Each structure stands twice: as structure tokens, then as C-alpha cells.
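In my numbering, the protein residues as written are 70 to 207.
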């Protein structure tokens with residue numbers, strides 16, 4: 070099984086054993102939850118669906134979005150991402166990673182569970198599929 074790798078500049082900090090995950094966070098100004106579902110593939114991360122619970126600064130809802138269970142759902146049209154780079158500072162709060170465990174339960178934990186809390190000295194993290202050879206030789 071492919072896993073999800075967390076690190077920076079090709080240095081591995083942690084590995085999460087999953088082939089599908091949800092990345093979630095709250096908008097820093099509007100405090101509205103945003104979620105993105107990804108599949109981990111040998112070529113990179115595939116963004117499958119995104120959800121946002123409202124609109125606000127920089128949070129326009131796409132024309133093809135539909136409202137379900139209090140969130141706007143839509144399918145972003147992005148190419149496969151070899152690496153996803155995320156800004157991560159104490160002021161913005163932390164990202165949350167959610168994935169299905171072997172038992173079938175969904176587990177959500179702050180990214181700090183795997184790599185420690187956000188800090189100003191290292192204000193970013195990169196996320197990639199652990200089997201992605203393009204990232205491994207970077």
C-alpha cells in the first residue's frame with residue numbers, strides 16, 4: 070500500500086499509512102472549515118473532491134458546486150500533484166488529516182500529531198505519496 074509522506078525538501082519527517090485522506094483546515098480569517106479529499110497514487114496526489122462550509126474572502130464557490138449536509142461540494146480540476154506544499158504557522162492553526170482505519174472507522178488528527186506543532190522557523194510542510202519516485206530522487 071502506498072502511504073502518505075510528510076516532510077520538507079525531500080526529507081521525510083513522518084509517514085501515514087493510507088492511500089486516501091482528507092486534508093481539512095479552517096480559513097484563517099473567516100474561520101470556515103475547508104476539506105479536500107485526495108487519493109495517493111504512484112504518480113502523485115489526486116484531488117478528488119473539495120468541500121467548504123461557506124463563502125468569504127478568497128472562498129468563492131465554483132459554479133458547478135452543490136450544497137449537501139451544510140457544505141458546498143465540488144470537483145476541482147487540477148492535474149496530479151507530485152507534491153502538495155502547505156503553509157503552516159502558529160497563527161493560522163494546524164491542518165487536520167483524516168483517513169479510514171482498517172476497522173472502517175474514520176480517524177482525524179491534527180498534523181501536529183505526526184510532525185509536531187506549527188512553528189515560525191519551519192513554516193511549511195510538504196505532503197506526497199511515499200511511492201512517488203519523482204519525489205524520492207528530488
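All residues carry an ideal CB built from backbone N, CA and C; glycine is no exception.
Since this is a predicted model, take the numbers as computed values, not measurements.
Could you tell me which residues DSSP pairs with residue i in its beta bridges?
| i | result |
| --- | --- |
| residue 194 | 155 |
| residue 83 | 75 |
| residue 189 | In DSSP, residue 189 forms no bridge with anything. |
| residue 176 | 168 |
Hey, residue i and residue j: beta-carbon distance below 8 Å or not?
| i | j | result |
| --- | --- | --- |
| residue 109 | residue 173 | no |
| residue 76 | residue 195 | yes |
| residue 150 | residue 113 | yes |
| residue 94 | residue 165 | yes |
Look at the alpha carbon of residue i and the alpha carbon of residue j, and state the distance between them as a whole number of angstroms.
| i | j | result |
| --- | --- | --- |
| residue 156 | residue 192 | 6 Å |
| residue 99 | residue 163 | 15 Å |
| residue 119 | residue 176 | 18 Å |
| residue 103 | residue 190 | 25 Å |
| residue 145 | residue 97 | 21 Å |
| residue 152 | residue 126 | 26 Å |
| residue 181 | residue 187 | 7 Å |
Can you tell me whether residue i is helix, strand or coil according to DSSP?
| i | result |
| --- | --- |
| residue 184 | helix |
| residue 113 | strand |
| residue 97 | coil |
| residue 168 | strand |
| residue 163 | coil |
| residue 199 | coil |
| residue 106 | strand |
| residue 129 | coil |
| residue 91 | strand |
| residue 144 | coil |
| residue 134 | coil |
| residue 149 | coil |
Could you check if residue i is buried or exposed, using at least 16 other CB atoms within 10 Å of its CB as the buried criterion?
| i | result |
| --- | --- |
| residue 147 | exposed |
| residue 124 | exposed |
| residue 92 | buried |
| residue 136 | exposed |
| residue 87 | buried |
| residue 129 | exposed |
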